[in-house]
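A short write-up of the structure that comes next.
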Amino acid sequence: IDGTEVLRFRTMPGVTHYALAANLVEGELHTLELIKDTEGINGWSRISAVYADSLYAPPPRRSKHVEFIGDSITSVYGADVAAFPCAKSTWFDGHRASDGYAAVLGRQLDAEVMLTSVSGMGIYRNWNTDAPVMTERYSGVWVNWDADQPLWTSDGRFDTDAVVIALGTNDFSAGDGTTPRAAFRPDRMLAGYENLIDQLYASYGAETPILLVGSPIISDEQRTVHEELFGQLTATHDNMMWTGFEGRFTA
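The numbers in my numbering rise by one with no breaks, and the one at position 118 of the sequence shown is 1514.
Laid out in structure tokens, this is it:
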């Protein structure tokens, strides 16, 4: 409210009304912002109405738009478990998308952002499974592998000015160490990027700027392979750049 977080809560099945604000100073104009901190597949919510003593027209939408496609890093998995400890909540309650790099960049650019991100997701294989990967999920509104989910349409999709792709961490991962894991295939990762890029061009146009982002938690050897692939992609596509990380993040 008015730029300050005052409430963090879970939506629950069967609960249809939530009090978002109370005891506001009368006679002043207040701005309420409601943010979904979890992934698109983590609970499908719909706002059907907002009630208040007085409601005014919202400010115009921001003119700049950026889409972020990624995994648990983009989703900001497990960043805040203070309000909902792991033992007393579900695995995704600790998500904190509103404080992630995408949200921070959006505020700095005064841009509207959309996260198309799924924890464990990869570009050609996932953390511990081979499929379905992001290229197979991307066309769905909830980024879910579900034949019944609605698909984005040309007139309903987020109208972006640029796309950030931050995938690859899970492709390089060894998984849980128990499930059999085939050797890493850079050719398949390259093909996965090309597939996703083709989908983006089909949705937004081939002139759309795309930024490829490396991973902060892979090894130096893996980083070298990843950046070599980025070099191949940027050499064959216009309006595409890549960026990486120096060193490896450890908790």
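Here a beta-carbon is modelled for each residue, glycine too, at the ideal position from N, C-alpha and C.
Note that the coordinates shown come from a computational prediction; the quantities given were computed from them, not determined experimentally.
- In its own chain, leaving out the 5 sequence neighbours on each side, no residue places its CB closer than 6 Å to the CB of Ala1418.
- By the criterion of a C-beta distance shorter than 7 Å, Gly1439 is surrounded in its chain by Thr1407, once the five residues flanking it on both sides are discounted.
- Using a 10 angstroms sphere on the CB of Thr1639, the tally of other CB atoms stays under 16, which defines it as exposed.
- In summary, Met1517 is buried, with 16 or more beta-carbon neighbours lying within 10 Å of its beta-carbon over all protein chains present.
- In the displayed model, Ala1483 falls within a helix according to three-state DSSP.
- By the Cβ test, the region 1489-1500 is in contact with the region 1473-1480, since at least three Cβ pairs between them sit closer than 8 Å.
- Spatial neighbours of Arg1457 in its own chain (CB-CB distance under 7 Å, excluding positions within 5 residues in sequence) are listed in chain order as Glu1508.
- Distance from the Cα of Thr1630 is smallest, within the candidate group Ile1606, Ser1468, Gln1618, Asp1433, for Ile1606.
- With contacts defined by Cβ atoms closer than 9 Å, Gly1564 and Gly1610 form a contacting pair.
- Between Leu1425 and the set Asp1433, Leu1592, Ile1519, Gly1399, the nearest pair of CA atoms involves Gly1399.
- For Thr1531 and Val1539, the gap between their C-alpha atoms comes out near 10 Å.
- For the options Ala1479, Asp1557, His1461, Ile1613, the alpha carbon positioned closest to that of Ala1602 is the one of Asp1557.
- Annotation for Gly1502: the continuous alpha helix (DSSP H) segment containing it runs 1497-1505.
- The beta carbons of Val1560 and Phe1464 sit about 5 Å from each other, so the pair counts as a contact at 8 Å.
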